[in-house]
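Q: Just dropping this structure here.
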Amino acid sequence: MMDITTTGYSNQTNDTYEISGEKYVRYLNIIVFFEASMCVLIVIGNGFIITLIARRRLLGRSTNIFVFSIATADFLNGILSIPAHVLFLVLGGDLTVYLCKCHKFVMYLTKTVVPYTILFMTAEKTMRVLCPTREIVTVARCMFFTSLWWFFSAAFNIWSVVLYTKGTVSVSDTEAPTYQIPSCVLNSRFIDLHTAFLLTDVIIIFVIPTLAIFGLYCVLVRNNFTVLRERILTYFYVIKLFIALFVTFVLCQLPLEIFTFLDSRRKPFSLIYVLASHFATSLYFTRGVWNLVIYAYFKHYVCRKRQFSSIRANGAFRAGNMGAPSLRQRFRPRDR
Numbered sequence: 000m001m002d003i004t005t006t007g008y009s010n011q012t013n014d015t016y017e018i019s020g021e022k023y024v025r026y027l028n029i030i031v032f033f034e035a036s037m038c039v040l041i042v043i044g045n046g047f048i049i050t051l052i053a054r055r056r057l058l059g060r061s062t063n064i065f066v067f068s069i070a071t072a073d074f075l076n077g078i079l080s081i082p083a084h085v086l087f088l089v090l091g092g093d094l095t096v097y098l099c100k101c102h103k104f105v106m107y108l109t110k111t112v113v114p115y116t117i118l119f120m121t122a123e124k125t126m127r128v129l130c131p132t133r134e135i136v137t138v139a140r141c142m143f144f145t146s147l148w149w150f151f152s153a154a155f156n157i158w159s160v161v162l163y164t165k166g167t168v169s170v171s172d173t174e175a176p177t178y179q180i181p182s183c184v185l186n187s188r189f190i191d192l193h194t195a196f197l198l199t200d201v202i203i204i205f206v207i208p209t210l211a212i213f214g215l216y217c218v219l220v221r222n223n224f225t226v227l228r229e230r231i232l233t234y235f236y237v238i239k240l241f242i243a244l245f246v247t248f249v250l251c252q253l254p255l256e257i258f259t260f261l262d263s264r265r266k267p268f269s270l271i272y273v274l275a276s277h278f279a280t281s282l283y284f285t286r287g288v289w290n291l292v293i294y295a296y297f298k299h300y301v302c303r304k305r306q307f308s309s310i311r312a313n314g315a316f317r318a319g320n321m322g323a324p325s326l327r328q329r330f331r332p333r334d335r
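Numbering (numbering that gives the first Met the number 0), first residue to last: 0 to 335.
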């Protein structure tokens, strides 16, 4: 059983409060079990998608490139960020500072890659609808911009390695005096930079892509009542895909962004707030599982659509053969 102690940044232990510590550990075990289960599902599911796309060489289509990028981000969460977070919560010692930095960097990296991938996917399909005669965004350009998002995300979020470190947060509880629990916190050496970096992070990672994607949806809705309606219906199954990915992104990431910004402003924390912050992180990690459900539904939808198209084509072919005379019937001598 883990003990919750009043440990400061100098790693000095003063007191241990058994009542609140046991309560926190009880809830913490549930969070650890939940995240470990998600880790297995995310790694197996997204690893299968990445392997399937790579082995069948399906990167010749723009949609598969974007799905490959999002699946890679979720796979990195499952294989690096979630295990680092779980080990940080369970283990102790000096090595946990590296687990903290690994967890935060990979999480911020994927938090940036996924929304901008969805944004570019939406923009690419919108341009195909608005400019049907011109192929503005080719497959090569899709791969280039996807690689560019990954490079930008890695370079932009390098600040998380510097600002986050192993520390403690003060927790006030009615059953015990104020005590401290180990957590991955913002480094107090750079306290003047916390608000600036977190505000910039929220704007670039969440606000800008969300507003841009919503604006592209408004363009599609407005053109749905024009002559481009048939064109929109042609790509409607792909539009449903990135709408589902966008909704999942907003629902899973918005609570985490709120708690990330509040963590630098509120001290001390209540036990409910700390557990809610852990739950927001776990909710963010569920995005990889929901994306797997979306991919499965999308694949099932495409297979059914192809099956119905094949049935209709066979029916039309048979009807044409029954209605039109064959060559032998056309050139057969008339009965006298």
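Even for Gly, the Cβ is constructed at its ideal location relative to N, Cα and C.
Keep in mind the model is a prediction, meaning the values are calculated, not measured.
Excluding sequence positions up to five away, which residues of its chain have a Cβ less than 7 angstroms from the Cβ of Ala279?
A: For Ala279, where only same-chain residues beyond five positions count, the Cβ hits under 7 angstroms are Pro254, Leu255 and Phe258.
Q: Assign Ser276 to buried or exposed, taking buried as 16 or more other Cβ atoms, counted over all protein chains shown, within 10 Å of its Cβ.
A: When all chains shown are included, Ser276 counts as buried.
Q: In its own chain, which residues sit with a C-beta less than 6 angstroms from the C-beta of Met120, not counting the 5 before and 5 after it?
A: Phe65 and Phe241, listed in sequence order.
Q: With DSSP run on the structure shown, which of helix, strand or coil describes Val105?
A: Here Val105 sits in helix by DSSP.
Q: List the whole-angstrom C-beta distance separating Val96 from Leu79, where the pair is believed to meet the contact cut-off of C-beta under 8 angstroms.
A: About 16 angstroms; that fails the 8 angstroms criterion.
Q: For a quick check, are the C-beta atoms of Asp73 and Ile41 less than 8 angstroms apart?
A: Yes, they are a contact pair.
Q: What does the alpha-carbon distance come out to for the pair Gln252 and Pro114?
A: Roughly 10 angstroms separates the two Cα atoms.
Q: So what does DSSP say about Ile135, is it helix, strand or coil?
A: DSSP places Ile135 in coil when its eight states are reduced to three.
Q: Determine the DSSP secondary structure at Phe268, reduced to helix, strand or coil.
A: Looking at Phe268 - three-state DSSP - the assignment turns out to be strand.
Q: According to DSSP, simplified to helix, strand and coil, what is Gly46?
A: Helix.
Q: Specify the secondary structure class of Tyr26 as computed by DSSP and reduced to three states.
A: Tyr26: helix per DSSP, three-state reduction.
Q: How close, in whole Å, do the beta carbons of Gly287 and Asn63 come, if the pair is a contact with beta carbons under 8 angstroms?
A: Not a contact, Cβ separation roughly 18 angstroms.
Q: Drop a sphere of 10 angstroms on the beta-carbon of Gly59, count the other beta-carbons inside from all chains shown, and report buried for 16 or more, exposed for fewer.
A: Gly59 is exposed by the Cβ-count criterion.
Q: Say whether the region 122–130 touches the region 216–225, bearing in mind that this needs 3 or more beta-carbon pairs closer than 8 angstroms, one atom from each stretch.
A: Yes, the region 122–130 is in contact with the region 216–225.
Q: Pick helix, strand or coil for Thr285, following the three-state DSSP scheme.
A: Three-state DSSP puts Thr285 in coil, outside helix and strand.
Q: Touch check for the region 287–298 and the region 191–205: three-plus C-beta pairs under 8 angstroms?
A: Taking 8 angstroms as the limit for Cβ pairs, the verdict is that the region 191–205 does not touch the region 287–298.
Q: Compute the distance between the beta-carbons of Val168 and Phe268, then report whether it is under 8 angstroms.
A: In this structure, Phe268 lies closer than 8 angstroms to Val168 by Cβ.
Q: Let's see if you can read the secondary structure: which residues bound the alpha helix (DSSP H) around Arg228?
A: Arg228 to Thr233 is the extent of the alpha helix (DSSP H) around Arg228.
Q: Among Ser36, Leu210, Ile203 and Arg188, which has the Cα closest to the Cα of Ser152?
A: Among Ser36, Leu210, Ile203 and Arg188, the Cα nearest to that of Ser152 is on Ile203.
Q: So, at 6 angstroms on beta carbons, what are the nonlocal neighbours of Ser61 in its own chain, with the 5 sequence-adjacent residues on each side left out?
A: Glu123, Val138 and Cys141, listed in sequence order.
Q: Round the Cβ separation of Met37 and Thr285 to the nearest angstrom and send it over; I've been treating them as touching at under 8 angstroms.
A: That belief holds up - the Cβ atoms of Met37 and Thr285 are roughly 6 angstroms apart, short of 8 angstroms.
Q: In this structure, does DSSP put Leu86 in helix, strand or coil?
A: DSSP places Leu86 in helix when its eight states are reduced to three.
Q: Taking the alpha helix (DSSP H) that Ile69 belongs to, which residues open and close that run?
A: Its alpha helix (DSSP H) spans residues Ser61 to Leu75.
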